[in-house]
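> My questions all concern the structure below.
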Amino acid sequence: MAQPGTGRVAGKTALVMGAGQTPGQTTGNGRATAVLLAREGAKVLCADRDLAAAEDTVKQIAAEGGEAVAITADVTVEDEVAAAVAGCVEQWGRLDILHNNVGISIAGGDAPIADIEADAFARVTAVNLQGMVMTCKHAIRVMREQDGGVITNISSIAACINYPYVTYRTSKAGVVTMTEHIAITNAQYGIRANAILPGLMDTPMAIENRVGLDGRTREDVYAERNSHVPLRNRMGTAWDVANAALFLASDEASFITGVALAVDGGQRLAAG
1 MAQPGTGRVA GKTALVMGAG QTPGQTTGNG RATAVLLARE GAKVLCADRD LAAAEDTVKQ
61 IAAEGGEAVA ITADVTVEDE VAAAVAGCVE QWGRLDILHN NVGISIAGGD APIADIEADA
121 FARVTAVNLQ GMVMTCKHAI RVMREQDGGV ITNISSIAAC INYPYVTYRT SKAGVVTMTE
181 HIAITNAQYG IRANAILPGL MDTPMAIENR VGLDGRTRED VYAERNSHVP LRNRMGTAWD
241 VANAALFLAS DEASFITGVA LAVDGGQRLA AG
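The sequence shown begins at 1 in full-length UniProt numbering and counts up one residue at a time.
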């Protein structure tokens, strides 16, 4: 853990959307990223629609000596997204890092295209894509005025493999295209934008929604998911995503923008 005033993002301020997590036996991507950014010197505003979950992330950061604040924000409500961005500026004077970690699939009613309901398609898209667009909209306004910033959007390897549910794949592919759009149209302002495409991860959102589905046990879910990962036949963890996010947010990646970074243990290669 970095000492106060040191670290790869020391002195930076970060807004992590989706910094809480659903209950489960492991750590979620948003919480891991918020904790790691704080360990590396950033001050972190932890935003989540579930305030208690965001507060739990803040407690973990505080217990390690970091600085963080929790705020309620539902990405489908633009006023709440705008308030989160404004809250980071009010708290620390600027917004250096925006990390968009939002996404639903099965929980939102996603399905194969022959079975998808219009309301479910709209619901999942509102969270996965529209919410990110609105968050980036308000963050970019701040970052342009302060002459720079970093945006990292969490897409998914589902955007480029044979993923069965139409809305998740479509919306996460949209995140990649949106990120490229942000990168090229905001490079002149010193704003970098990149996407991370996680593969099969051992996180509560990925695992808990599948346990019991069609009678599958937890062991069944783990075995099936692990079998699709070429690298050691083992899923990644939230810390793999967090480490990628830390790199992209750091000055080590100062000449990297518009990339879609797969963190998937080679799954896309096996699928392609």
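Idealized CB from N, CA, C, for every residue including glycine.
These figures come from a predicted structure and were not determined experimentally.
Flag this pair as touching only if the region 8-19 and the region 198-215 have three or more C-beta atom pairs under 8 Å; answer yes or no.
Contact fails: fewer than three Cβ-Cβ distances are below 8 Å.
> How would you write the range of the beta strand (DSSP E) that K43 sits in, first residue to last?
Looking at the DSSP string, the run of the beta strand (DSSP E) that includes K43 is K43 to D48.
> At which residues does the alpha helix (DSSP H) containing L37 begin and terminate?
Its alpha helix (DSSP H) spans residues N29 to R39.
> Within the continuous beta strand (DSSP E) that includes N100, where are the two ends?
Its beta strand (DSSP E) spans residues I97 to N100.
> What are the start and end residues of the alpha helix (DSSP H) that includes G174?
Here the alpha helix (DSSP H) through G174 covers V166 to N186.
> Have a look at A195 and E219 and give me their C-alpha separation to the nearest angstrom.
Looking at the two C-alpha atoms, the distance is approximately 31 Å.
> Does the distance from the CB of D110 to the CB of V124 come in under 8 Å?
It is a contact, given that the beta carbons lie within the stated cut-off.
> Could you round the C-beta distance between V127 and V166 to whole angstroms and report it? I think they count as a contact, below 8 Å.
Wrong, their Cβ atoms sit about 15 Å apart, outside the cutoff.
> At the level of alpha carbons, what is the spacing between S250 and I256?
The alpha-carbon atoms of S250 and I256 are separated by roughly 10 Å.
> Can you give me the C-alpha to C-alpha distance between Q188 and A82, rounded to a whole angstrom?
When rounded, the distance between both Cα atoms is 23 Å.
> Between V259 and the rest of its own chain, which residues show a CB-CB distance below 6 Å, the 5 nearest in sequence each way excluded?
Around V259: N194.
> Please confirm whether A84 and I71 have their CB atoms less than 8 Å apart.
Yes, the pair counts as a contact, with Cβ atoms nearer than the cut-off.
> Taking L269 as the reference, which of V211, T170 and V229 has the closest Cα?
Ranking V211, T170 and V229 by Cα distance to L269 puts V229 first.
> Buried or exposed for S227, please, with buried defined as at least 16 other CB atoms from any protein chain shown within 10 angstroms of its CB.
Counting Cβ neighbours within 10 Å, S227 comes out exposed, since fewer than 16 surround it.
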